[in-house]
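**Student:** Numbering (the working numbering), first residue to last: 1039 to 1193.
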Amino acid sequence: MRRRALLASAAAVSTASLAGCPTPPWTDDPTTIDGAELTFRREYDGDLDVTESGGNDVAELRRRLDEDPPRLVVAGSLLDSPRRCYRVTPFEAALDDGTLRLRIVSEDDPDSDVDRCSDVAEPHPYSVAVAFLEAPVPERVVVRHEDETVLEERV
């Protein structure tokens, strides 16, 4: 049930243009999961260095535990299809057993009417901020891109 609510909220959230693919303006309206507030954006602040990571699908954890409320931010980048307009979207988010689990997937951009986009070899950035309003900060964070685990780290 929580996952369906998250997916419905994520589907309603749009983003700025990615790699030349037209999309409507984006918002950062948060979604609540298990006492935490999740905000998904199809951008990040530019600190993520994809070239040093050794791959195109990467994610890193940024701890902001001194803020009120405490939060974790996952900045990532997913590389997908060079032939169609794609965008990244949260598919799954769960906070259980002391672990924050995020699964990010790429999907056809439903707002695009373009057959071929100029997104060849361009990663799709994203960030997920999770503020812990009522839930305790988890001990671990696991991030998956499609079916591949790209981050598994202790907080």
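Where is the CB? At the ideal position from N, CA and C, for every residue including glycine.
1) Distance check for Tyr1124 and Cys1059, CA to CA, integer angstroms please.
2) Which residues does DSSP pair with Leu1171 in a beta bridge?
3) Going straight from the alpha carbon of Leu1116 to that of Glu1172, what length do you get?
4) Which residues in the same chain have their Cβ closer than 6 Å to the Cβ of Glu1075, if we skip the five residues on either side of it in sequence?
5) So Val1193 and Val1179 are supposed to be a Cβ contact under 8 Å. How far apart are they, rounded?
6) Between the beta-carbon of Val995 and the beta-carbon of Asp1095, is there less than 8 Å?
7) In or out: Arg1109 buried (at least 16 other Cβ within 10 Å) or exposed?
8) How big is the Cα-Cα spacing for Leu1099 and Glu1145?
9) Name the two residues that bound the continuous beta strand (DSSP E) containing Val1181.
10) Measure the Cβ-Cβ separation of Val1143 and Glu1184 and say whether it is below 8 Å.
**Tutor:** On the basis of the supplied data:
1) Residue 1059 sits at position 21 when you count from the first residue of the sequence shown. Residue 1124 sits at position 86 when you count from the first residue of the sequence shown. Any reading at Cys1059 must be qualified, since the residue scores a pLDDT of 38, below 50, and its modelled position is unreliable; no value is offered.
2) If you number the sequence shown from 1, residue 1171 lands on position 133. Bridge partners of Leu1171: none, in fact.
3) Position 78 of the sequence shown holds residue 1116. Position 134 of the sequence shown holds residue 1172. If you take the alpha carbons of Leu1116 and Glu1172, they lie about 30 Å apart.
4) The sequence position of residue 1075 within the sequence shown is 37, counting from 1. Hits under 6 Å: Pro1068, Ala1169, Leu1171.
5) Within the sequence shown, the letter at position 155 stands for residue 1193. Within the sequence shown, the letter at position 141 stands for residue 1179. Contact holds; Cβ gap of about 6 Å.
6) For the chain, the structure presents residues 1039 to 1193; residue 995 sits outside this window and is missing.
7) Against the sequence shown, residue 1109 aligns to sequence position 71. The residue is buried, with at least 16 neighbouring Cβ atoms inside 10 Å.
8) Here residue 1099 corresponds to residue number 61 of the sequence shown, with the count starting at 1. Here residue 1145 corresponds to residue number 107 of the sequence shown, with the count starting at 1. Going from the Cα of Leu1099 to the Cα of Glu1145 covers about 23 Å.
9) Indexing the sequence shown from 1 puts residue 1181 at position 143. Segment 1178-1183, the beta strand (DSSP E) holding Val1181.
10) Counting from 1 along the sequence shown, the entry for residue 1143 is found at position 105. Counting from 1 along the sequence shown, the entry for residue 1184 is found at position 146. Yes. Within cutoff.
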